[in-house]
Amino acid sequence: MDIDLLKTFVEVVRTRHFGKAAENLYITQSAVSFRIRQLEQGLGVNLFIRQRNNIQLTAPGERLLPHAQMIITGMQRAKVDVALADNMHKQICLAGTPNIWDAFLQFGITNIVSAMPGVSLVAEVKAQQESTRLLLERTLDLAILFDPPKVDELVVERICELPIIPVSAFDTASYDNFFDNQYVYVDWGTTFSLWHARQFTGKTPPYFRTSTGRIALDLILQCGGSAFIPQVLVAAHLEKGELFHVKDVETTSRDIFVAYHRDNEQKELIETLVNLLTQMTPKLPVE
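Pasting the structure below:
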């Protein structure tokens, strides 16, 4: 089966639009339609219910989707593996959510690369559910997550704790006005969401929501406002007086976990990587 047909199918599923899929794939809309027809003819089923501005998967399409994703990911992994440079003997693939990269991985990825000569490192941004699926499919070696998956086939280890503090661009911020002055809600995972709901019931709803700490930080620096952001991410801005720690609003933290398949053939290499991740816990300034 032509891998391009599967890539086109997955992109149409993602965008729910033949035209948008064509733009993202840099082909014409008629080429997208032709590829989908080829795939449907090869499988002998209809994959989409086509209605105006409403493209939905059929039951066979739903069943095909995880297989298509697995094949595409496996092919990408195989290409990288085959193309390893002569001085690279092994490859390991890790992934983290956008917030994990913002608040943790960006501070030590260069040290990991330097400490693992001869290893080709593939580092990607993946959502929590996708990371879990790829771990189970053996196309991802290691996932770094806030919310550990509860799956018997996976080994989960806590590697560090990440302090998350309330900060504001206004030096007059306090508990009384923290949520009333352009509060930005950042999704730091399920545990944070539950804590936030218990602590701040009845407060003014946020004027902006985001799943990425970097977006929240850039927004309050440029437009003013307040948010819960990891201390390591705002330390320099606190020191410069660009942001202020609102100390009468409760502080929280998130545990960071690694997960990998218990039957992964590169277990020794994974354990080395986990040790490196544990050692790169961000160093926080003393207040």
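Count the sequence shown with the UniProt record's numbering and you get residues 1 to 287, in order.
The C-beta atom is built at its ideal place from N, Cα and C for all residues, glycine as well.
3 or more residues per run - each beta strand (DSSP E) lying fully within the segment 9-59
48-51, 54-57
The alpha helix (DSSP H) with Glu153 in it runs from where to where?
Within the sequence shown, numbered from 1, the residue matching residue 153 stands at position 153. Where Glu153 is concerned, there is no enclosing alpha helix (DSSP H), given that its DSSP letter is neither H nor E.
Could you check whether the segment 179-188 touches the segment 227-235, counting it as contact only if at least three pairs of C-beta atoms, one from each stretch, sit closer than 8 Å?
yes
Distance between Asp2 and Ile162 (C-alpha atoms, nearest Å):
Translated into positions along the sequence shown, residue 162 becomes position 162. Translated into positions along the sequence shown, residue 2 becomes position 2. This sequence places Leu at residue 162; Ile is not what is there. C-alpha separation (whole angstroms): 44 Å.
Local conformation of Val184 per DSSP, three classes
Along the sequence shown, read from residue 1 onward, the residue named residue 184 stands at position 184. Three-state result, Val184: strand.
Return the bridge partner residues of Arg209 from the DSSP annotation.
Within the sequence shown, numbered from 1, the residue matching residue 209 stands at position 209. Tyr185, per the DSSP bridge assignment.
May I have the straight-line CA-CA distance separating Leu64 from Gly42, to the nearest angstrom?
By 1-based counting over the sequence shown, the position of residue 64 is 64. By 1-based counting over the sequence shown, the position of residue 42 is 42. Distance between the alpha carbons of Leu64 and Gly42 is about 13 Å.
Which residue from Gly61, Leu145, Pro149, Asp218 puts its Cα closest to that of Leu277?
Reading the sequence shown from its first residue, position 277 is the one you call residue 277. Comparing Cα-Cα distances from Leu277 to each of Gly61, Leu145, Pro149, Asp218, the minimum goes to Leu145.
At 4 residues or longer, what runs of the alpha helix (DSSP H) sit wholly inside the segment 215-248?
231-240
Could you name the residues that DSSP lists as bridge partners for Lys90?
Counting from 1 along the sequence shown, the entry for residue 90 is found at position 90. DSSP, once it has assigned bridges, lists Val119 as partnering Lys90.
Between the C-alpha atoms of Met116 and Phe18, what's the straight-line distance to the nearest angstrom?
Here residue 116 refers to the residue found at position 116 of the sequence shown. Here residue 18 refers to the residue found at position 18 of the sequence shown. Straight-line Cα distance between these residues: approximately 43 Å.
Candidates Asn177, Trp195, Asp102, of which the one nearest Ser211 by Cα
Looking up residue 211 in the sequence shown gives position 211. Nearest C-alpha to Ser211: Asp102.
Pick from Ile256, Gln222, Asp255, Arg262: whose alpha carbon is nearest that of Leu243?
Counting from 1 along the sequence shown, the entry for residue 243 is found at position 243. Considering only alpha carbons, the answer is Gln222.
Short of 8 Å in beta carbon distance, which residues of its chain neighbour Ile55, apart from the five on each side in sequence? Order them along the chain.
Translated into the one-based positions of the sequence shown, residue 55 becomes position 55. Excluding residues within five positions, the ones whose Cβ falls inside 8 Å are Val12, Arg16, His17, Phe18, Phe48, Ile49.
Which residues DSSP lists as bridging Pro166, in chain order:
The residue you call residue 166 lines up with position 166 of the sequence shown. For Pro166, which the question treats as bridged, DSSP gives the partners Phe228.
Can you tell which of Val151, Val156, Lys150 has its C-alpha closest to the C-alpha of Leu142?
As a working mapping, residue 142 is identified with position 142 in the sequence shown. The residue with the shortest Cα to Cα distance from Leu142 is Val156.
State the beta-bridge partners of Phe257 as determined by DSSP.
By one-based count along the sequence shown, residue 257 stands at place 257. Leu145, Arg158, per the DSSP bridge assignment.
Is the beta carbon of Asn264 closer than 9 Å to that of Arg133?
The sequence position of residue 133 within the sequence shown is 133, counting from 1. The sequence position of residue 264 within the sequence shown is 264, counting from 1. Against a cut-off of 9 Å, the Cβ pair of Asn264 and Arg133 comes out as no contact.
Cut-off 6 Å between Cβ atoms - residues of its own chain near Asp255, not counting five sequence neighbours on either side:
The residue you call residue 255 lines up with position 255 of the sequence shown. The residues are Arg158, Glu161.
Straight-line gap, Ile71 to Lys203 (C-alpha atoms, nearest Å)
The count along the sequence shown starts at 1 and reaches residue 71 at position 71. The count along the sequence shown starts at 1 and reaches residue 203 at position 203. Between Ile71 and Lys203, the C-alpha separation is close to 47 Å.
Could you have a look at Ala78 and say whether DSSP puts it in helix, strand or coil?
One-based indexing of the sequence shown puts residue 78 at position 78. If DSSP states are grouped into helix, strand and coil, Ala78 belongs with the helices.
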